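Quick notes on the structure that follows.
In the numbering used here, the protein residues as written are 8 to 274.
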């Protein structure tokens with residue numbers, strides 16, 4: 008399961024698939040609009056302008072809606088990858104907002120967000136310690152005081168930050184396949200709950216997180232190009248990246264099912 012083979016499979020799926028850009032039209036436009044709105048609001052705050060509560064929450068609302076749309080797009084791409092769909096439309100990006108997906112998608116996105124936030128606490132604590140240590144170090148430097156204490160505190164903060172980042176990234180990757188797992192469970196009528204989908208994702212990714220991390224890193228160049236193109240290239244890169252990730256999921260799922268079948272035969 009090399010990166011090049013997964014990318015080749017993703018390109019083959021997308022090459023003659025009508026509507027792949029339309030599928031990501033709504034989520035990408037909302038994401039770009041959300042980013043622009045946040046930049047504008049930050050500029051207003053720096054200029055001393057006051058922003059009402061409702062408008063300040065609008066970017067958060069757009070982010071939530073985008074999460075649903077991206078999840079729906081993954082469902083549609085997974086069906087296309089399996090040959091169950093030969094055309095994609097804008098409506099496919101709203102599947103998670105309809106029955107029987109809406110509440111299940113809501114709880115999955117909520118629980119995954121909460122878990123990722125909890126696993127990120129060590130990282131944030133490290134950042135706070137590092138910031139305090141850095142401020143104290145500059146203060147001691149300006150006053151001619153000893154730097155030993157502030158530097159030790161900064162070193163501790165840096166260590167905690169690095170450890171926290173590794174933990175947070177590890178858990179984020181572990182939960183990354185919960186979406187397609189939920190889609191399959193709903194389709195096969197084996198869905199139990201959102202927490203079970205997250206646990207199944209952790210089990211599926213066990214021993215494969217480093218491989219998936221390297222796969223994601225192989226797209227860094229593409230993500231940089233998206234930034235330089237002011238988001239225009241995202242309409243090509245995001246479907247390509249998401250489809251490659253789903254190809255990774257399919258390989259893991261099939262290997263896991265084969266392993267279960269072999270286990271049942273030996274028993």
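Glycine included, C-beta positions come from ideal geometry on N, C-alpha and C.
Please read these numbers as outputs of a predicted model, since none were measured by experiment.
### Task
Could you give the DSSP three-state label for residue 192: helix, strand or coil?
One-based indexing of the chain shown puts residue 192 at position 185. If DSSP states are grouped into helix, strand and coil, residue 192 belongs with the helices.
#### Entry: residue 227 beta carbon less than 9 Å from that of residue 111
Numbered from 1 along the chain shown, position 104 holds the residue referred to as residue 111. Numbered from 1 along the chain shown, position 220 holds the residue referred to as residue 227. For residue 111 and residue 227, no; Cβs fall outside 9 Å.
### Task
Go ahead and pull the three-state DSSP assignment for residue 93.
To locate residue 93, count along the chain shown from 1; it is residue 86. Coil.
### Query
Can residue 123 and residue 70 be called in contact, C-beta distance under 9 Å?
Reading the chain shown from its first residue, position 116 is the one you call residue 123. Reading the chain shown from its first residue, position 63 is the one you call residue 70. One thing to note: residue 123 has its Cβ no nearer than 9 Å to the Cβ of residue 70.
### Query
DSSP on residue 212, reduced to helix/strand/coil?
In the chain shown, residue 212 corresponds to position 205, counting from 1. Helix.
### Rounded C-alpha distance that separates residue 104 from residue 83
By one-based count along the chain shown, residue 104 stands at place 97. By one-based count along the chain shown, residue 83 stands at place 76. Going from the Cα of residue 104 to the Cα of residue 83 covers about 13 Å.
### Query
Applying the criterion that 16 or more other CB atoms from any shown protein chain within 10 Å of the CB defines a buried residue, is residue 119 buried or exposed?
To locate residue 119, count along the chain shown from 1; it is residue 112. Residue 119 is buried by the Cβ-count criterion.
### Task
Take residue 49 as the anchor and find which of 91, 176, 66 and 154 has the nearest alpha-carbon.
Locating residue 49 in the chain shown gives position 42, counting from the first residue. For residue 49, the nearest C-alpha among the options comes from 66.
### Task
Could you tell me how far apart the beta carbons of residue 189 and residue 198 are, in whole angstroms, since I believe they sit closer than 8 Å?
Against the chain shown, residue 189 aligns to sequence position 182. Against the chain shown, residue 198 aligns to sequence position 191. That belief holds up - the Cβ atoms of residue 189 and residue 198 are roughly 7 Å apart, short of 8 Å.
### Query
Where do the N-terminal and C-terminal ends of the alpha helix (DSSP H) with residue 239 fall, by residue?
Here residue 239 refers to the residue found at position 232 of the chain shown. That residue, residue 239, is in no alpha helix (DSSP H); it is neither H nor E in DSSP.
### Message
Closest to residue 129 by C-alpha separation, out of 167, 161 and 159, would be which residue?
### Response
Against the chain shown, residue 129 aligns to sequence position 122. Per the Cα distances, 167.
### Message
Buried or exposed, going by whether 16 or more other CB atoms sit within 10 Å of the CB of residue 55?
### Response
Position 48 of the chain shown, counted from the start, is the residue given in the question as residue 55. Label assigned to residue 55: exposed.
### Query
Would you say residue 27 and residue 246 are within 9 Å of each other, going by their C-beta atoms?
On the chain shown, position 20 is the one that residue 27 refers to. On the chain shown, position 239 is the one that residue 246 refers to. Taking 9 Å as the cut-off, the Cβ atoms of residue 27 and residue 246 count as close.
### Query
Buried or exposed: which applies to residue 34, given that a residue is buried once 16 or more other Cβ atoms fall within 10 Å of its Cβ?
Start at 1 with the first residue of the chain shown, and residue 34 comes out as number 27. The residue is buried, with at least 16 neighbouring Cβ atoms inside 10 Å.
### Beta carbon of residue 108 nearer than 9 Å to that of residue 79
Counting from 1 along the chain shown, the entry for residue 108 is found at position 101. Counting from 1 along the chain shown, the entry for residue 79 is found at position 72. Cβ distance < 9 Å, so residue 108 and residue 79 count as in contact.
#### Entry: Integer-rounded CB distance, given that residue 225 should sit under 8 Å from residue 10
If you number the chain shown from 1, residue 10 lands on position 3. If you number the chain shown from 1, residue 225 lands on position 218. About 5 Å separates the Cβ atoms of residue 10 and residue 225, confirming a contact at the 8 Å cut-off.
### Query
Quick one, are the C-beta atoms of residue 73 and residue 37 less than 9 Å apart?
As a working note, residue 73 is residue 66 in the chain shown. As a working note, residue 37 is residue 30 in the chain shown. Taking 9 Å as the Cβ cut-off, residue 73 and residue 37 qualify as a contacting pair.
### Query
Just the Cα atoms here: how many angstroms apart are residue 134 and residue 147?
On the chain shown, residue 134 is found 127 positions in, with the first residue counted as 1. On the chain shown, residue 147 is found 140 positions in, with the first residue counted as 1. Rounded to whole angstroms, residue 134 to residue 147 spans 20 Å at the Cα level.
### Span separating the alpha-carbon of residue 219 from that of residue 181
Your numbering for residue 219 matches position 212 in the chain shown. Your numbering for residue 181 matches position 174 in the chain shown. Inter-residue distance for residue 219 and residue 181 is about 10 Å (C-alpha atoms, whole angstroms).
### Message
According to DSSP, is residue 199 part of a helix, a strand, or is it coil?
### Response
Reading the chain shown from its first residue, position 192 is the one you call residue 199. Three-state DSSP puts residue 199 in coil, outside helix and strand.
#### Entry: Segment limits, alpha helix (DSSP H) that includes residue 11
Mapped onto the chain shown, residue 11 falls at position 4. Counting along the chain, the alpha helix (DSSP H) containing residue 11 begins and ends at 10-22.
#### Entry: Inter-residue spacing [alpha-carbon to alpha-carbon] between residue 236 and residue 250
Locating residue 236 in the chain shown gives position 229, where the first residue counts as 1. Locating residue 250 in the chain shown gives position 243, where the first residue counts as 1. Each residue's Cα considered, the two are about 21 Å apart.
#### Entry: Contact check, residue 223 vs residue 252, beta carbons under 9 Å
Here residue 223 refers to the residue found at position 216 of the chain shown. Here residue 252 refers to the residue found at position 245 of the chain shown. In this structure, residue 252 lies closer than 9 Å to residue 223 by Cβ.
### Query
With DSSP run on the structure shown, which of helix, strand or coil describes residue 77?
Walking along the chain shown from the start, residue 77 turns up at place 70. Reduced to three states, the DSSP call for residue 77 is helix.
### Cα-Cα separation between residue 32 and residue 239, rounded to whole angstroms
Sequence index remark: in the chain shown, residue 32 carries index 25 (1-based). Sequence index remark: in the chain shown, residue 239 carries index 232 (1-based). Computed Cα separation, rounded: 11 Å.
### Query
Exposed or buried, which one is residue 99 when buried takes at least 16 other CB atoms within 10 Å?
Numbered from 1 along the chain shown, position 92 holds the residue referred to as residue 99. The residue in question, residue 99, is buried, as its Cβ has 16 or more Cβ neighbours within 10 Å.
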